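So in the working numbering, spot 42 of the sequence shown is number 42, and the numbers just go up one at a time.
Even for Gly, the Cβ is constructed at its ideal location relative to N, Cα and C.
Note that this is a predicted model, so its numbers are computed, not measured.
Presented below is the structure to which this report refers.
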Amino acid sequence: MHVHRLTKVLPYTPDQLFTLVGDVDLYPEFVPWVTGMRTWGRRDEADGGSSVDAEAAVGFAFLKERFATRVRRDPATRTVSVNLISGPFKRLVNEWRFEPHPNGVEIHFMIDFAFKSRFLDAMLEANFDRAVGKLIGCFEKRAAALYGPA
Numbered sequence: 001m002h003v004h005r006l007t008k009v010l011p012y013t014p015d016q017l018f019t020l021v022g023d024v025d026l027y028p029e030f031v032p033w034v035t036g037m038r039t040w041g042r043r044d045e046a047d048g049g050s051s052v053d054a055e056a057a058v059g060f061a062f063l064k065e066r067f068a069t070r071v072r073r074d075p076a077t078r079t080v081s082v083n084l085i086s087g088p089f090k091r092l093v094n095e096w097r098f099e100p101h102p103n104g105v106e107i108h109f110m111i112d113f114a115f116k117s118r119f120l121d122a123m124l125e126a127n128f129d130r131a132v133g134k135l136i137g138c139f140e141k142r143a144a145a146l147y148g149p150a
């Protein structure tokens, strides 16, 4: 079981980062290891939220995989939640929450996952903190490009 939580403050608005993280179609433009993205089944929900199913193609030096998730966006709570549909994971749950902060936005990031393959599980566990740091860094760079430097 691999659970990672991170809280970080950035000088943007909660709505800006909620929009950035919720637009999964654009991930291949700024997350280097996401080599493709296909989405389908967009649904608007009665509570104002929405969801979409997304299949990401990812590629690292030693690994090329595809996995599908359901991405739910809740503008009332500025939360983007991701749940596994299919792929090389036994479990994958991810949540981003964006709260107002005097210096901009406080990001609450959580990911909980396990691979079906013990080998992949061990490989990612050894580099997990670094991988999460790189992922958050990709979103920080994209926010700077879209909304101005921090």
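Among residues of its own chain, excluding the 5 on either side of residue i, which ones have a beta-carbon nearer than 6 Å to its beta-carbon?
i: Lys90; result: Ala114, Lys116
i: Arg38; result: Glu55
i: Val31; result: Cys138
i: Asn94; result: Val82, Ile111
i: Phe62; result: none
Could you round the C-beta distance between residue i and residue j to whole angstroms and report it? I think they count as a contact, below 8 Å.
i: Asn103; j: Pro11; result: 6 Å
i: Phe18; j: Phe139; result: Between Phe139 and Phe18 the Cβ distance is about 12 Å, and since that is not below 8 Å, they are no contact.
Within a Cβ cutoff of 8 Å, which residues of the same chain sit near residue i, ignoring the five residues on either side of it in sequence?
i: Val132; result: His4, Leu6, Phe109, Ile111
i: Val9; result: His101, Asn103, Gly104, Val105, Glu106, Ile107
i: Thr77; result: Arg97
Taking the beta carbon of residue i as the centre, do at least 16 other beta carbons fall within 10 Å, making it buried, or is it exposed?
i: Ser86; result: exposed
i: Gly22; result: buried
i: Arg73; result: buried
i: Leu26; result: exposed
i: Leu146; result: exposed
i: Arg118; result: exposed
i: Arg142; result: buried
Which residues in the same chain have their Cβ closer than 7 Å to the Cβ of residue i, if we skip the five residues on either side of it in sequence?
i: Pro100; result: Pro14
i: Thr35; result: Pro28, Ala57, Val58, Gly59
i: Arg70; result: Ser51, Asp53, Asn83, Ile85
i: Gly41; result: Val52, Asp53
i: Pro88; result: Glu65, Phe67, Phe115, Lys116, Ser117, Leu120
i: Glu125; result: His2
i: Phe128; result: His2, His4
Problem - Entirely enclosed beta strand (DSSP E) segments - the stretch 95 to 134, minimum 3 residues - result: The stretch 95 to 134 contains, as complete beta strand (DSSP E) runs of 3+ residues, the segments 104 to 115 (chain order).
Practice task
Run through the stretch 46 to 85 for me and flag every whole beta strand (DSSP E) of 3 or more residues, listed as ranges in chain order.
Solution key: The qualifying runs are 50 to 59, 64 to 74.
Problem - Runs of beta strand (DSSP E) wholly within the stretch 1 to 31 (minimum 3 residues, chain order) - result: Correct list: 2 to 10.
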